[in-house]
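Asker: The structure under discussion is supplied below as structure tokens; questions concerning it will follow.
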Amino acid sequence: MFRVNFFFLWAVCILVAHALDCEDPRGVTISSLSDVVALNKCVNITASLTITSSAPSDIQLNGLKALAKLNATAAKSLHSISSSTLVEIDTIALADLPALHSLNFSALSVLDTLELRDLPALENVTFGASLGPRSVVSVVNTGLESVEWVKWPVSTSLNISTNADLAAVSLPWDSVDSTVTVTGNDKLEKLDVEGIESITGSFTVEANKGLVTLEFGALESVKGDVRLDGSFKNVSMPVLGKVTGALAVASTEDMDQSCAEMAKVDEKGKVTCTSNAQPDPPASLKLLNSPENPPSPSSSSNPQEGQEEGRGEIATGAKIGIIIAAVILGLFLVVGAVFFFRARSRGKVREIVILAPVPIPTRSVSTKSSGQSVKSVDSVRSVSFGNVERAEARVVGTRAGDVKVLVNGEEMTDLGIFGAGRERGGVGGIGMKSDASLKSVSSVGSEVPLVRREPSA
1 MFRVNFFFLW
11 AVCILVAHAL
21 DCEDPRGVTI
31 SSLSDVVALN
41 KCVNITASLT
51 ITSSAPSDIQ
61 LNGLKALAKL
71 NATAAKSLHS
81 ISSSTLVEID
91 TIALADLPAL
101 HSLNFSALSV
111 LDTLELRDLP
121 ALENVTFGAS
131 LGPRSVVSVV
141 NTGLESVEWV
151 KWPVSTSLNI
161 STNADLAAVS
171 LPWDSVDSTV
181 TVTGNDKLEK
191 LDVEGIESIT
201 GSFTVEANKG
211 LVTLEFGALE
221 SVKGDVRLDG
231 SFKNVSMPVL
241 GKVTGALAVA
251 STEDMDQSCA
261 EMAKVDEKGK
271 VTCTSNAQPD
281 PPASLKLLNS
291 PENPPSPSSS
301 SNPQEGQEEG
311 RGEIATGAKI
321 GIIIAAVILG
331 LFLVVGAVFF
341 FRARSRGKVR
351 EIVILAPVPI
361 PTRSVSTKSS
371 GQSVKSVDSV
381 RSVSFGNVER
391 AEARVVGTRA
401 GDVKVLVNGE
411 EMTDLGIFGA
421 GRERGGVGGI
431 GMKSDASLKS
441 VSSVGSEVPL
451 VRREPSA
């Protein structure tokens, strides 16, 4: 009996141990209230805990003390997540939760990565008072009015962007060694940077419409990259003495006095300050104006400027169209010219001499000038024009190989393309000098006189 009790107790211990230490490497999911109850028997989850779309609207994780990753995406009805026992979470990643209103981890002291994105209803976030430095914090497109819990340095990146109701951000740090981005928070009126003494990382503040004043009361050196762009009326850096990185400040308002103060510390051309600058949307917001997310009508404060920009875009498109049309037209002209000159080269008659007939028509043909006939005399291989003082020859056809010669309207065949200057004897001792015939014919359609001459002695 003792042996039976021993094995029973051993099995119970194994089950209890499994219930208290959930080490399934495949991760754990919450899809129902029973899943929440079961998870609350665990102490440590070494894999991811995923909240699915069918999970309860309010989830309380009271029992867990350590969690590798808490993940929830597109759980449309999720309203709140809380835990009074969780002390350590490596990563919290929550996205596309339109109903999530509250996030409460009152005992949390260790958190490496926090990603809150597309949580428009989120208004309350609570972490433990002893929560220390973090690696990555991203708060994008939430309903938060304050992020006062971001009071510890962030070693890698801090991104606070497009939070429509955010009114204040405090960065009570003495240095910025990471990447800090605060952009597109339209209602942001206060950004506390009074305690920052040095910036060696990247520090960007852009397009926060309500933010008109920045006071870097303790900032002494800028070794990194600082970009401040907005509607500032005053940017104060009274103790700034050294800029070895880059400091770029631009404001759509009059900020000449602040620019003059910054220019005093610009020894190496590392400082640029522009007052009354034209607004330029930050790169982080340009994605919101993509074709899939066109800008709203209120995005341009000056309709006339928008119209001018539109005209500029149309003019640019017209120029591109003209250039393309010109290129196509040029190609057509070049191709047309090539075919034209090739055709002309083929159709050009370089030198044609009529050789008395080989053969010419055997029938008699009346000439237009005197009514006398032109007949062939095969034995003499010559053409008799009788007393005709003048005849005309015309070259017709489209190619040199197809040229026809008409003498007073009658076609003469078997032409020879040879040199000129040869004489042929004719009937009655009348000679026709060939270079007086078609020597000068240069193209189809030309006319050349055939002149009667006396034979030489």
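Residue numbers (UniProt numbering): 1 to 457. Yeah, the Cβ is synthetic: ideal placement off N, Cα and C, and Gly gets one too.
#1: Are residue 464 and residue 95 close, meaning C-beta to C-beta below 9 Å?
#2: Should residue 206 and residue 179 be called a contact, given that it needs their Cβ atoms to be closer than 9 Å?
#3: Using the three-state DSSP reduction, which class does residue 319 fall into: helix, strand or coil?
#4: Can you tell which of 238, 252 and 210 has the C-alpha that lies nearest to the C-alpha of residue 262?
#5: To the nearest angstrom, how far is the alpha carbon of residue 173 from that of residue 324?
#6: Taking just the CA atoms, how far does residue 191 sit from residue 103?
#7: If you check the beta carbons only, do residue 149 and residue 125 fall under 9 Å apart?
#8: Answer with buried or exposed for residue 213, where buried requires no fewer than 16 other C-beta atoms within 10 angstroms of its C-beta.
#9: Under the DSSP definition of a beta bridge, which residues are partnered with residue 176?
#10: Do residue 166 and residue 142 come within 9 Å of each other at the CB atom, strictly closer than that value?
#11: Residues in the same chain with beta-carbon distance under 8 Å from residue 107, minus the five sequence neighbours each way, listed in chain order, please.
#12: Looking only at its own chain, which residues have a Cβ that is under 6 Å from the Cβ of residue 229, when we skip the five neighbours before and after it?
#13: Looking only at its chain, what residues have a beta carbon closer than 6 Å to the beta carbon of residue 188, apart from the 5 residues adjacent to it on each side?
#14: Ignore the nearest five residues each way along the sequence and tell me which others in residue 273's own chain have a CB closer than 6 Å to its CB.
#15: Identify every residue that forms a DSSP beta bridge with residue 230.
#16: Using the three-state DSSP reduction, which class does residue 38 fall into: helix, strand or coil?
#17: Ignoring anything shorter than 4 residues, give me the alpha helix (DSSP H) runs that lie fully in the segment 20-90, in order along the chain.
#18: Going by alpha carbons, who is nearest to residue 236 out of 44, 252, 217 and 221?
#19: Enumerate in chain order the residues of its own chain whose CB-to-CB distance from residue 79 is below 8 Å, with the five nearest sequence positions on each side excluded.
#20: Rank 159, 270 and 234 by C-alpha distance to the C-alpha of residue 253 and give the top, closest one.
#21: Would you call the CB atoms of residue 115 and residue 89 closer than 9 Å?
#22: State buried or exposed for residue 244, treating a residue as buried only when at least 16 other CB atoms are found within 10 Å of its CB.
#23: Please state whether the Cβ-Cβ distance between residue 112 and residue 135 is less than 9 Å.
#24: With a threshold of 16 other CB atoms inside 10 Å of the CB of residue 326, please say whether the residue is buried or exposed.
#25: Please classify residue 334: is it buried, with 16 or more other beta-carbons within 10 angstroms of its beta-carbon, or exposed?
#26: What does the Cβ neighbour count give for residue 34, buried or exposed, with the cut at 16 atoms within 10 Å?
#27: For residue 177, which residues in the same chain have their Cβ closer than 6 Å to its Cβ, ignoring the five residues on either side in sequence?
#28: Would you mind giving the Cβ-Cβ distance between residue 220 and residue 247, rounded to the nearest angstrom? I have them listed as a contact below 8 Å.
#29: Do you know offhand how far residue 232's Cα is from residue 161's?
#30: Let me know the secondary structure DSSP gives residue 107 once reduced to three states.
#31: Output the residue ranges of the beta strand (DSSP E) runs that lie fully inside the segment 96-171 and measure 3 residues or longer, sorted by chain position.
#32: Is the beta carbon of residue 28 less than 9 Å from the beta carbon of residue 50?
#33: List the whole-angstrom C-beta distance separating residue 133 from residue 155, where the pair is believed to meet the contact cut-off of C-beta under 8 Å.
#34: According to DSSP, is residue 325 helix, strand or coil?
#35: On a CA-only basis, which of 68, 256, 139 and 31 is nearest residue 55? Give me that one, please.
#36: Label residue 196 either buried or exposed according to how many other C-beta atoms from any shown protein chain fall within 10 Å of its C-beta, with 16 as the threshold for buried.
Answerer: On the basis of the coordinates in this document:
#1: Any property of residue 464 remains undetermined from this structure, which presents the chain solely from 1 to 457.
#2: The answer is no: Cβ separation not under 9 Å.
#3: Under the three-state reduction of DSSP, residue 319 is assigned to helix.
#4: Nearest neighbour of residue 262 by Cα position, chosen from 238, 252 and 210, turns out to be 238.
#5: Taking the Cα positions, residue 173 is about 56 Å away from residue 324.
#6: Taking the straight line from one Cα to the other gives about 24 Å.
#7: The answer is yes: Cβ separation under 9 Å.
#8: Under a 10 Å Cβ-count criterion, residue 213 is classified as exposed, with fewer than 16 other Cβ atoms of the shown protein chains found around its own Cβ.
#9: In the DSSP assignment, the residues bridged to residue 176 are 199.
#10: Result yes, Cβ atoms of residue 142 and residue 166 sit closer than 9 Å.
#11: 83, 84, 85, 86, 87 and 128, listed in sequence order.
#12: Here the set comprises 206 and 250.
#13: For residue 188, where only same-chain residues beyond five positions count, the Cβ hits under 6 Å are 166, 208, 210 and 211.
#14: Result list for residue 273: 249, 259 and 262, in chain order.
#15: Per DSSP, 251.
#16: Here residue 38 sits in helix by DSSP.
#17: Taken in chain order, the whole alpha helix (DSSP H) runs of length 4 or more contained in the segment 20-90 are 33-39.
#18: Of the candidates 44, 252, 217 and 221, the one whose C-alpha sits nearest the C-alpha of residue 236 is 217.
#19: Around residue 79: 57, 58, 99, 100, 101 and 102.
#20: Looking at the Cα atoms, 234 is the closest of the given residues.
#21: Contact flag unset, no.
#22: Burial call: exposed.
#23: Contact flag set, yes.
#24: Under this definition residue 326 is an exposed residue.
#25: By the 10 Å Cβ count, residue 334 comes out exposed.
#26: By the C-beta density criterion, residue 34 is exposed, having fewer than 16 other C-beta atoms within 10 angstroms.
#27: Around residue 177, the same chain offers 200 and 201 as residues with beta carbons nearer than 6 Å, after the five sequence neighbours per side are excluded.
#28: The distance from the Cβ of residue 220 to that of residue 247 is about 13 Å, inconsistent with a contact at the 8 Å cut-off.
#29: Between the C-alpha atoms of residue 232 and residue 161 there is a straight-line separation of about 18 Å.
#30: DSSP places residue 107 in coil when its eight states are reduced to three.
#31: The segment 96-171 contains these whole beta strand (DSSP E) runs: 102-105, 110-119, 124-127, 134-142, 154-161 and 168-170.
#32: Going by C-beta atoms, residue 28 is nearer than 9 Å to residue 50.
#33: That pair is a contact at about 6 Å.
#34: Helix, per DSSP.
#35: When only C-alpha atoms are compared, the closest one is 31.
#36: Around the beta-carbon of residue 196, 16 or more other beta-carbon atoms lie within 10 Å, marking it buried.
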